[in-house]
Structure formats: C-alpha cells, structure tokens
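For the sequence shown, the numbering used here begins at 63 and goes up steadily by one.
Where a beta carbon is used, it is the ideal one built from N, C-alpha and C, also for glycine.
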Amino acid sequence: SPAAHLADGSADLILVRKCSRFDFLRYLVRHTNQDDQFDFSFVDVYRVKSFQFTSKLSEDNESNVTDIGKKRFGQFCRDHPACCCNIANSTWNCDGETLDSSAIEVRVHCQLMKLFARGIEKNCKDEAAYSQSSIEQLL
C-alpha cells in the first residue's frame with residue numbers, strides 16, 4: 063500500500079470483492095501507474111494489526127448443527143460411498159512457502175527486526191545515470 067510504513071506496526075488488508083474479469087484487470091493495471099488503485103467500488107482497504115481468515119467450508123465443518131434441508135452438493139457427494147472427492151481447501155502463499163489450510167491468522171509485530179535502508183529514492187533515472195558514470199570512472 064502506498065501509505066504503509068515498515069515500522070508503524072500495522073498492515074493494509076486489501077479486500078477485492080467479486081467483480082468481473084475486466085474490472086479485476088483494471089484494478090491490476092492501476093498498480094502500474096499513478097492512479098489510485100483503491101478507487102473502485104469492489105475494493106476495500108483496512109489498516110489492521112491482526113486478522114483471521116476462516117473459510118466458510120471450515121466454519122460449516124466445525125459446527126455441529128446440521129440442517130438437512132440446506133445440504134450442499136459436496137456434502138451429498140462425500141456421503142456417497144463411491145465418492146473419492148477431496149474436501150476443498152485454501153492454498154496460501156506465505157513468503158514463498160505454500161500453506162494448505164482453510165484458516166490463517168496474521169499478526170503484525172512492530173519493529174521485530176532491524177532494517178537498514180536508504181529510504182525512498184526520489185528519481186531512479188538520475189540514480190541510474192549517476193551509478194553508470196561512477197562505474198565508468200572506476201574503469
């Protein structure tokens with residue numbers, strides 16, 4: 063998120079609700095230009111310190127309440143003895159590792175590690191030209 067800071071102890075949770083493929087493509091293209099990528103009716107942004115995500119399937123499996131009239135097709139399929147369907151599960155990418163889970167909990171740990179950086183560079187083109195001239199001077 064453009065307003066995020068590494069040491070403020072929070073993260074931006076960006077929720078993209080159901081939309082058309084064209085609208086989602088418009089949302090992705092906004093990340094490449096100067097337009098506000100959150101200025102869509104189907105995008106919500108929240109500043110959070112922690113959040114939990116639990117899939118509806120997981121919530122339904124954990125509850126002991128069974129409504130006979132409200133069974134899903136997947137439930138009918140799993141109840142059939144010849145069925146070999148897998149239960150749907152979420153797959154999350156966490157720092158390059160895949161996590162197969164239907165529920166995750168995310169917490170932000172403020173200033174947990176020290177980071178040394180120069181900060182935001184004002185003009186990357188001038189920086190590249192300066193680096194190139196410095197290299198030429200060394201040769």
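Notebook entry, point to check: Using DSSP with H/G/I as helix, E/B as strand and the rest coil, what is Phe86?
Noted result: helix
Check: What whole-angstrom Cβ distance do Cys172 and Ala66 have, given they're in contact under 8 Å?
Finding: Cys172 to Ala66, Cβ: 13 Å. No contact.
Margin query: Given a cut-off of 7 Å on the beta-carbon distance, is the pair Arg169 and Ser112 in contact?
Written below: yes
Note to self: Can you check which of these residues, Asp97, Met175, Tyr89 and Thr153, is closest to Ile76 by C-alpha distance?
What the structure shows: Tyr89
Next item on the list: State the beta-bridge partners of Ala73 as determined by DSSP.
Entry: Val110
Next item on the list: In angstroms with no decimal places, state the Cα-to-Cα distance between Gly136 and Ser164.
Entry: Confidence at Gly136 is low in this model, with a pLDDT of 46, below 50, so its placement is unreliable and the value that follows should be read with caution. Taking the straight line joining both Cα atoms gives about 16 Å.
Next item on the list: With a 10 Å radius around its C-beta and 16 neighbouring C-beta atoms as the bar for buried, classify Gln96 as buried or exposed.
Entry: exposed
Next item on the list: Enumerate in chain order the residues of its own chain whose CB-to-CB distance from Phe115 is below 7 Å, with the five nearest sequence positions on each side excluded.
Entry: Ala165 and Ile166
Next item on the list: State the beta-bridge partners of Cys81 as determined by DSSP.
Entry: Cys81 pairs with nothing; no bridge assigned.
Notebook entry, point to check: In three-state DSSP terms, what is Arg287?
Noted result: In the structure as shown, the chain starts at 63 and stops at 201, and residue 287 therefore has no counterpart that could be examined.
Next item on the list: Could you please give me the residues that DSSP links to Thr94 through a beta bridge?
Entry: According to DSSP, which records beta bridges pairwise, Thr94 is partnered with nothing at all.
Notebook entry, point to check: Out of curiosity, what's the CA-to-CA distance linking Asp85 and Ala73?
Noted result: 25 Å
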